[in-house]
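Step one of this worksheet: look at the structure below.
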Amino acid sequence: MTTATSLHRDLGLTDDEFQQICDHLGREPSYTELAMFSVMWSEHCSYKSSRGHLKTLPTEGPHILVGPGEGAGIIEVAPGVAVAWKAESHNHPSFVEPFNGAATGVGGIVRDILSMGARPIALMDPLRFGTLDDARTRYLVDGVVHGISSYGNSIGVPTVGGEAIFEECYAENPLVNVACLGVIEDRLMHGRAEGPGNVAILIGSSTGRDGIGGASVLASAEFDETSAEKRPSVQVGDPFAEKLLIEACLELIARGVFVALQDLGAGGISCPTSEMTSKANTGMRVDIDRVHRREPGMEPFEVMISESQERMLAVVEPARVDEVLDVCRKWEIEANVVGEVTPSDRVEVVSDGEVVADVPADALAEEGPVYERHLERPGWIDRLQMEDPGDAAPDRLEDAFFAVLSSPNIASKRWIWEQYDHMIFLGTLQGPGGDAAVIRLPNSDVRVAITTDGPGRYCYLDPYEGARLAVAESARNVACVGARPLAVTNCLNFGNPEKPDVMWQFAEVIRGMGDACRSLVTPVTGGNVSFYNETKGRAIYPTPVIGMLGSIPEGVPARGLAFVSDNEPIVLLGRTDDNDLGGSEFAKTVHGVVAGRPPRLDIEAEARLIDLLVELRDLASSAHDPSAGGLAVALAEAAVVGGRGFKLGPRNGELHRWLFSESPSRALVTCRPDDVEEVLERADRNGVPAEVIGTTGGDVLGFAGCDIPLTSVTEVYEGALVETLSSSID
Amino acid sequence: MAFLASVNVMLKEGIADPQGQTIERALPALGFSGVEEVRVGKRIRLLVDASDEHDARRQVEDMCERLLANPVIESYEVIVES
Amino acid sequence: MSGRVGIVVFPGSNCERDCEKAFRDLGAEPVMVWHGDRVLPDVDIVVLPGGFAHGDYLRTGALARFSPIMSAVRSHSGSGGLTIGICNGFQILCEAGMLPGALRKNTGLKFMCRTTRLRVANAETAFTSRADEGQVLRIPINHFEGNWYCSEDTLVSLQAKGQIVLTYLENPNGSFADVAGIVNEDGTVFGLMPHPERACEELLGSEDGAVILGSMLDHVTKRVAV
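Chains as they are written, first to last, in my numbering: chain A, 2 to 731; chain B, 32 to 113; chain C, 5 to 230.
Written out as structure tokens, the structure is:
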């Protein structure tokens, strides 16, 4: 074996980590071993900065079949029906190469779901970009959306929702998160390489030099001017190969051939060989000469850490190898036996008859460094919270309304989601543009609701409160479509964890998320941490994206956000605090201010509202939660999508506060006039304040004393994003 | 003998090419004036085993007719190097 | 009602399950047919479903037409059996020369997934008998290459023979003469970019797709009965 000493720094390992590797091995590592440690101990793969904090999250509940630590969380949504739910980030690759970065992000999360034995059935894409006045940002938006569209559409998994938020802080660190829902069709798989003597089969695309060191180089360090030169680290996606991989694996899962299955993502083949054996207390001997390659002359270390896409590693009993190879041949994908499970606890890598790596599996997968990073509440946050939140009355209410409505954060995202196939599988009962997507599982009447929310601005002003607000909003969103919130996945996007203020933000977000999830009984089933979203020393807003899953009981009618008939009373549930304008879209758009404190959340009031929304399933003809943009935007959306206006009753006080406040724990519902007493009574019984604020119908948006024609509102709401994008492109 | 062949596949003259039009519209903004008739096509590279250059060309033209180009909307040009 | 429906699965097809469900819900008996097979099972209707057969690499539909099953599909339609190509299936039928024209990239150079309004231009076909001429159907499209093209002469001939079956009310993709779906001269092969299988249920927003799939079932069950 050749050894490598000072190379470790180039590979992103510290001197101390290098010493730990030597201690694990009792000698200096070979070059191949060092490369394997560098990817497996990278922040992206090892969660070395976050692990201690993540442990505090609630992860168990009656519906949770599999929690964090596997490819995806598994949740029982109806008796005997289980789904997989998981979010991931592909932020750094997408900044370097938006099309392929975003596309391979989709591919990666889909394989996570597949590794659990589930068929992927829905995707959501929460996106964050800089502002659209910047040409580079417009290029990124176009490339990322095209990448998601191209990959997701080709593999035939609908993209049913997501978010697109535009904020200066994301200009050089766009966030490309992606969540995937899957359904277990035949049997739950796991990633435990049981049974010495069983063989490991690598299925899927050939291995090339693409994506070498992606985890360590791209996702675990800040960007600087040289990042463009790291372009070779970005992988190129092949959705056709992924589609065949999905079908072949699902067929093999149904046949019960696999002992274990894991995807190859960050860390390449080093990851499943060490993780699957570590979990099963076994070892594996990997003959990397048998790994099918797409280019000649690859070094062993390159094969071990290549992040070439569309690959899975399966463990199979020797007697069933031929069956696996036959099915793969039918689907026209390559499959080769590349290793054997051993009774030792080591991953041995053999090339050309020579052992090039011999490492304890636990050392790679489980015993990586854990850092209790220094954290400190920064002084600036106190000053920020004391500043004027930007809540002064606008010159003209109507101008403020149109300014907020045409903000790319608020206006319709149709331009984006019409590029996504959001209908395939005939299960999208409610697609993009609503509070949550409603998915009917294939060949079944079971329906689930999914949504993602990540209010970065609130988290910037107060990470603890912001994280609680994120969980509350996502739970409220699924409740709006009639679902009971069940489980959370997440994507936690932050700056450099080696900086005490970023680490403090992270710790506060975890604390807030944990508290809110405990209160709402929505355990965290897994997720992803993306650090180092920082360029030239400037970090993004702390942005935890919460992916909420809810289940809808049988027989519940579909309910959207749109006003569906005229002359229905509009009931506002929950309490509006006129001072909840800190961090609001109004403050940002009208006054250019992001300061003060975010809206205050009473999590018990939120829980009561959610119960009520679930209970109103038989009565409410529509439900919609006022969030960004407040009541004004919620009412406008219900009117535009429903194609009918409304008239509100007169109000006292400063109208702009009532209309644009972003108080949580509220919802707008409509019902038949005959049912309004019952709605109010149920609200009272649940301890939720309720008030009839107006009536649907007509062709104007009648905000007390300020009538705005529905046609002009529709034009602005539907056209603003396209106009911003295309006017700047020419 | 192996011959290196290239096939340029283009949309036929007269068939609208929105990709080309988009590029043509974008170039002036970057300071490239006086650019016209931008058309986008694709280039396919093949290594062909053939007895001579003529044979190689004949084979590749056959491939174009049957697979590499769609005669309804595309035209092609074959270039063979030895 | 019955009717045996063979749904051809190419590597990269992805709407085959949706077609299966839509046809089954209409009372038909769908079966999956692998593209590598050389013979069709005993079916009345062949469906080439949407998706990205062979990755749509090179050109959409270009490789699929060489699949072994395609010669059986040709003989099926030659002997009067019905064939419908939906989206990618339409692209394959054009590449295979079973329908005239070709599908180019949408003029907007974007993938489009949205519900479109279609006018039934010919209600006398085996695929539209449940409709009235001029009837407007709401059916979703889902494609990047749906911009149909043919020569002027071909168009004139198609119009004269009633082969233009569906046209867009609001042309979404630049398609020549607003064409959304056409039949061959024999009236046995139908290709269309919209996805009728996505519009067979009120819960999904429209039942108009069932007009097309149901017309086909009417046709084949009548034929069987005779």
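Note that beta-carbon positions come from the ideal geometry of N, C-alpha and C, so glycine has one too.
- By the rule that beta-carbons nearer than 7 Å mark a contact, C:Leu-113 touches chain B.
- Counting along the chain, the unbroken alpha helix (DSSP H) around A:Asp-11 starts and ends at 8-11.
- Using a Cβ-Cβ cut-off of 7 Å, C:Cys-91 does not count as an interface residue toward chain A, since no Cβ of chain A sits closer than that to its own.
- Shown here for A:Gln-236: same chain residues with a beta carbon closer than 8 Å to its own, the five before and five after excluded, namely Pro-94, Asn-101, Thr-105, Asp-211, Gly-212, Gly-215, Glu-308, Ser-309 and Gln-310 in chain order.
- At least one C-beta of chain B is nearer than 7 Å to the C-beta of C:Arg-63.
- For the beta strand (DSSP E) assignment, the uninterrupted runs of no fewer than 3 residues enclosed by the segment 651-689 of chain A are, from N- to C-terminal side, 668-671.
- The residue among A:Ser-520, A:Pro-600, A:Cys-460 and A:Leu-660 with its C-alpha nearest the C-alpha of A:Asp-612 is A:Ser-520.
- Separation of the CB atoms of A:Ile-75 and A:Ala-88 is rounded to 15 Å, and the pair is thereby denied contact status at 8 Å.
- Around the Cβ of A:Ala-394, a 10 Å sphere holds fewer than 16 other Cβ atoms; the residue is exposed.
- Contact annotation for B:Leu-98 against chain C: Leu-62, Ala-66, Leu-67 and Phe-70 [CB-CB distance below 8 Å, chain order].
- Inter-segment contact for the segment 49-67 of chain B and the segment 36-47 of chain C is absent: fewer than three beta-carbon pairs are separated by less than 8 Å.
- Note that the C-beta distance between A:Ala-281 and A:Gly-183 is not below 7 Å.
- Contacts between C:Asp-22 and chain A, judged by CB atoms closer than 8 Å, involve Ile-425, Phe-426 and Leu-427 in chain order.
- Neighbours of C:Gly-105 in chain B, taken as residues at a C-beta separation under 7 Å, are given in chain order as Val-103.
- Uninterrupted beta strand (DSSP E) stretches at least 3 residues long and entirely within the segment 544-620 of chain A occur at 544-553 and 570-574, given in chain order.
- The beta carbon of A:Met-41 is closer than 8 Å to those of Ser-47, Gly-268, Ser-271, Cys-272, Ser-275, Leu-365, Ala-366 and Gly-369 in its chain, skipping five residues each way along the sequence.
- Taking 8 Å as the upper bound for CB-CB distance, A:Leu-115 and A:Pro-121 are in contact here, some 6 Å apart.
- Using a C-beta cut-off of 8 Å, the segment 191-203 of chain A makes no contact with the segment 560-571 of chain A, since fewer than three inter-stretch Cβ pairs fall below that distance.
- With the criterion set as a beta carbon lying under 9 Å from some beta carbon of chain A, the members of the segment 42-60 of chain C are Gly-54, Gly-55, Phe-56, His-58, Gly-59 and Asp-60, in sequence order.
- In this chain, C:Leu-170 is not harboured by any alpha helix (DSSP H); it is covered by the beta strand (DSSP E) spanning 168-172.
- A Cβ-Cβ separation of about 25 Å leaves C:Gly-84 out of contact with C:Gly-54 under the 8 Å criterion.
- Nearest to A:Ala-136 by alpha-carbon distance, out of B:Glu-112, B:Glu-44, B:Ala-57 and B:Lys-43, is B:Ala-57.
- For C:Pro-176, the closest Cβ of chain A is not nearer than 7 Å.
- Here B:Leu-77 has Ala-36 as same chain residues with Cβ atoms under 6 Å from its own Cβ, once five neighbours each way along the sequence are excluded.
- A:Pro-344 sits in coil when the DSSP states are folded into three classes, being neither helix nor strand.
- With respect to chain B, the C-beta atom of C:Tyr-153 has a partner C-beta closer than 7 Å.
- Taking the Cα positions, A:Pro-464 is about 20 Å away from A:Asp-578.
- Assigned with DSSP and collapsed to three states, B:Thr-53 falls in helix.
- Nearest in C-alpha terms to A:Thr-57, of all of A:Gly-527, A:Ile-382, A:Gly-597 and A:Leu-636, is A:Gly-527.
- DSSP, reduced to helix, strand and coil, places A:Cys-481 within a helical segment of the structure shown.
- With the rule of 3 Cβ pairs closer than 8 Å, the segment 604-611 of chain A counts as touching the segment 665-676 of chain A.
- With 16 or more other Cβ atoms inside 10 Å of its own Cβ, C:Ser-81 counts as buried.
- With a threshold of 7 Å between beta carbons, C:Asn-18 makes contact with chain A.
- In the three-state reduction of the DSSP assignment, A:Leu-326 falls in the helix class, which pools H, G and I.
- The segment 361-385 of chain A is shown to contain no whole beta strand (DSSP E) run of 3 or more residues.
- Shown here for A:Pro-690: same chain residues with a beta carbon closer than 8 Å to its own, the five before and five after excluded, namely Leu-574, Gly-575, Arg-576 and Ala-684 in chain order.
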